[in-house]
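What follows is one structure encoded as structure tokens, with my remarks underneath.
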Amino acid sequence: MSTKRLKIEVNALKEGMFVSDLDRPWHETPFPLQGFYIRLDDDVKALTQYCKYVYIDVQKQKSKSISVEHAPFDKKPKPVEKKVDSHVVNLRPIVIKSPQAYQTVCSINKEVSKAEKLHKHVYEAINHVFTSVSGDNLIDLKRTVKETETVAEGMVESVIRNPDALVWLAKMNAQDAYSYQHTVKASIWSLVFGRHLGLDKVQLKSLAMGVLLSHIGKAKLSQEVLDNSESNIANQAAYQEYIQYSLNALSTMDDLPKGVIQIVEYHQERHNGTGYPKGVTGEKIPLLAKIAGLVHYYQELITPRNNDAGLSPLSAVSKLYELRNISFQQDLVERFIEAVGVFPTGTLVELSSNEVGIVTGHNQDRRLLPKVMVVLDENKQKLKHAKVIDLKERSLTGRETDAVYIKDSLPKGAFNIDENQYLLSGATTKWSWRHIASSIAAN
Numbered sequence: 015m016s017t018k019r020l021k022i023e024v025n026a027l028k029e030g031m032f033v034s035d036l037d038r039p040w041h042e043t044p045f046p047l048q049g050f051y052i053r054l055d056d057d058v059k060a061l062t063q064y065c066k067y068v069y070i071d072v073q074k075q076k077s078k079s080i081s082v083e084h085a086p087f088d089k090k091p092k093p094v095e096k097k098v099d100s101h102v103v104n105l106r107p108i109v110i111k112s113p114q115a116y117q118t119v120c121s122i123n124k125e126v127s128k129a130e131k132l133h134k135h136v137y138e139a140i141n142h143v144f145t146s147v148s149g150d151n152l153i154d155l156k157r158t159v160k161e162t163e164t165v166a167e168g169m170v171e172s173v174i175r176n177p178d179a180l181v182w183l184a185k186m187n188a189q190d191a192y193s194y195q196h197t198v199k200a201s202i203w204s205l206v207f208g209r210h211l212g213l214d215k216v217q218l219k220s221l222a223m224g225v226l227l228s229h230i231g232k233a234k235l236s237q238e239v240l241d242n243s244e245s246n247i248a249n250q251a252a253y254q255e256y257i258q259y260s261l262n263a264l265s266t267m268d269d270l271p272k273g274v275i276q277i278v279e280y281h282q283e284r285h286n287g288t289g290y291p292k293g294v295t296g297e298k299i300p301l302l303a304k305i306a307g308l309v310h311y312y313q314e315l316i317t318p319r320n321n322d323a324g325l326s327p328l329s330a331v332s333k334l335y336e337l338r339n340i341s342f343q344q345d346l347v348e349r350f351i352e353a354v355g356v357f358p359t360g361t362l363v364e365l366s367s368n369e370v371g372i373v374t375g376h377n378q379d380r381r382l383l384p385k386v387m388v389v390l391d392e393n394k395q396k397l398k399h400a401k402v403i404d405l406k407e408r409s410l411t412g413r414e415t416d417a418v419y420i421k422d423s424l425p426k427g428a429f430n431i432d433e434n435q436y437l438l439s440g441a442t443t444k445w446s447w448r449h450i451a452s453s454i455a456a457n
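Its first residue numbered 15, the sequence shown is counted upward by one per residue in my numbering.
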């Protein structure tokens, strides 16, 4: 049965109608990407803050007696024009066979203490691999790839227990080379995303290991090529050879987890065929490689190689949303935004109360209303005791004075805030985590 969509003014919505699309991108609103039913007048009031009109799915409405014949807009809305590449392909949404339903079984404060040592080992392992590739040391390469496999397993277990801890640790100021930082942080995003999709542990391990190893061929490139990869056609071609260098190095490895080589080979391919090295389109790109390509691109947006400040997480997901069904498969983009949130864990934000805080966790059904650890008061003075508030819970009390929302995301280090003080271990941080744990319990 085909979907019957009608365009309707928000004020004309009635209880039982199913909202299937908005007049603006979903990620700019606190509403679930998969659509939702109108249950109360409050739902309509909430929508009026973001939209003038929406699209409803008539076949999903709960009451057939609801009349939409006199909706104030055309019954057959004109499709929104979007400039896309001529090679765009429309694929059926990704379906994960027997998806896993993971539960958070460890509090973030406990998991951070476990994950900190792991995070250090991950950087050491990938550093060793790059060194081995650079020196053509085959014997050492086999050992270091095995080391990478071990840390990948540890990353999988950590993300399954609590997906936020490693994301927090990725906010640290690492002194490693850019390629090390990039692949480690991208691998963390890939695991958070894979967990959200319901991939099993075997797939998650392949995903983490594939992303960690996907850029090792860059160890064979000159610094000039790395720094000027987009300056001219010759440098672009030289830069793109890193994929073949990576494949050459890994071809000597025995018993690599299934999917690792595919990630390394296809992670720079794009949905519409504009990627490299083969220029294949969406249906020919393996799922894990699609995920790897998306997370690599997201990490490049927020932390570019050229030392620019990069985009804020909000601007980065907006850019991804623009590229849905162009560079990346549409449903994967939307699911990724669901997974990491518009304001990922660790993002520094300013609230409508003028207080400043750090995002500590998410509410999947209200992505714009996460949990936030407030560290500065409304006068931008440091609080003696940090406090954690759940913006979603505050919005549900019914009291306007309780409702607080995120006014803006802030660049790293804004107001001289050292996020590492709260994210990493140390006397101050240990105290902070104890206070955070009690604050969460109180809220």
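Note that beta-carbon positions come from the ideal geometry of N, C-alpha and C, so glycine has one too.
Residues bridged to residue i by DSSP?
{"i": "F50", "result": "V33"}
{"i": "V402", "result": "M387"}
{"i": "K21", "result": "Y69"}
{"i": "S423", "result": "V363"}
{"i": "F342", "result": "R338"}
{"i": "I372", "result": "L362, M387"}
{"i": "K124", "result": "Paired residues: none, contrary to the question."}
{"i": "K396", "result": "L390"}
Using the Cβ count rule (16 or more neighbours within 10 Å means buried), how would you classify residue i?
{"i": "K232", "result": "buried"}
{"i": "S34", "result": "buried"}
{"i": "N176", "result": "buried"}
{"i": "R209", "result": "buried"}
{"i": "K304", "result": "buried"}
{"i": "P327", "result": "buried"}
{"i": "E83", "result": "Because E83 sits at a pLDDT of 44, beneath the cut-off of 50, its placement in the model cannot be relied upon, and the point is left open."}
{"i": "I275", "result": "buried"}
{"i": "K78", "result": "Below a pLDDT of 50, predicted positions are generally treated as unreliable, and K78, at 47, falls in that range; the measurement from the model is reported next regardless. Classification of K78: exposed, given that the 10 Å Cβ count is below 16."}
{"i": "D178", "result": "buried"}
{"i": "A115", "result": "exposed"}
{"i": "L152", "result": "exposed"}
{"i": "R38", "result": "exposed"}
{"i": "H133", "result": "buried"}
{"i": "D88", "result": "With a pLDDT of 40 at D88, under the threshold of 50, the predicted position of this residue should be treated as unreliable, and no value is reported."}
{"i": "R157", "result": "exposed"}
{"i": "N246", "result": "exposed"}
{"i": "K66", "result": "exposed"}
Whose C-beta lies closer than 7 Å to the C-beta of residue i among residues of the same chain, with five residues either side of it excluded?
{"i": "T162", "result": "A139, I140, V143, M223, L226, L227"}
{"i": "Q75", "result": "G30, M31, F32"}
{"i": "Y280", "result": "I299, P300, A303"}
{"i": "V181", "result": "I202, V206, P358, T359, G360"}
{"i": "A323", "result": "P425"}
{"i": "K272", "result": "S220"}
{"i": "P384", "result": "G355, F357, V373, G375, H376, N377, L405"}
{"i": "I52", "result": "L27, K28, E29, G30, M31, V33, V58"}
{"i": "L105", "result": "G296, E297, Q343"}
{"i": "P107", "result": "D345"}
Leaving out the 5 sequence neighbours to the left and right, which residues in its chain are closer than 6 Å to residue i when beta-carbon positions are compared?
{"i": "L213", "result": "none"}
{"i": "V174", "result": "Note on residue identity: the sequence assigns Ile, not Val, to residue 174. Result list for I174: Y116, in chain order."}
Could you confirm whether any beta carbon from chain C is found closer than 8 Å to the beta carbon of residue i?
{"i": "Q282", "result": "No chain C is present in this structure, which holds just one protein chain."}
The alpha helix (DSSP H) spanning residue i covers which residue range?
{"i": "A417", "result": "Run containing A417: none; DSSP gives neither H nor E here."}
{"i": "W182", "result": "179 to 183"}
{"i": "I299", "result": "Element bounds for I299: n/a, residue is neither H nor E."}
{"i": "T162", "result": "152 to 175"}
{"i": "N249", "result": "247 to 254"}
{"i": "Q75", "result": "Premise fails: Q75 is in no alpha helix (DSSP H) and is neither H nor E."}
{"i": "V278", "result": "274 to 280"}
{"i": "A428", "result": "Element bounds for A428: n/a, residue is neither H nor E."}
{"i": "E238", "result": "237 to 241"}
{"i": "G224", "result": "215 to 227"}
Going along the chain, which residues of its own chain have a beta-carbon closer than 8 Å to the beta-carbon of residue i, five neighbours each way excluded?
{"i": "L410", "result": "none"}
{"i": "T62", "result": "V24, N25"}
{"i": "N242", "result": "N249"}
{"i": "V370", "result": "L362, V363, E364, V388, V389, L390, K394, L424, A428, F429, I431"}
{"i": "K396", "result": "V389, L390"}
Meets three-Cβ-pair contact criterion under 8 Å: the stretch 339 to 356 and the stretch 389 to 408:
no
contact_flag[the stretch 222 to 242, the stretch 258 to 278] where n(CB pairs < 8 Å) is 3 or more
yes
Does the stretch 246 to 254 touch the stretch 303 to 314, meaning 3 or more C-beta pairs lie closer than 8 Å?
no
Does the structure place the stretch 282 to 298 close enough to the stretch 325 to 345 that three or more beta carbon pairs sit under 8 Å?
yes
At least 3 beta-carbon pairs within less than 8 Å: the stretch 215 to 222 vs the stretch 328 to 335
no
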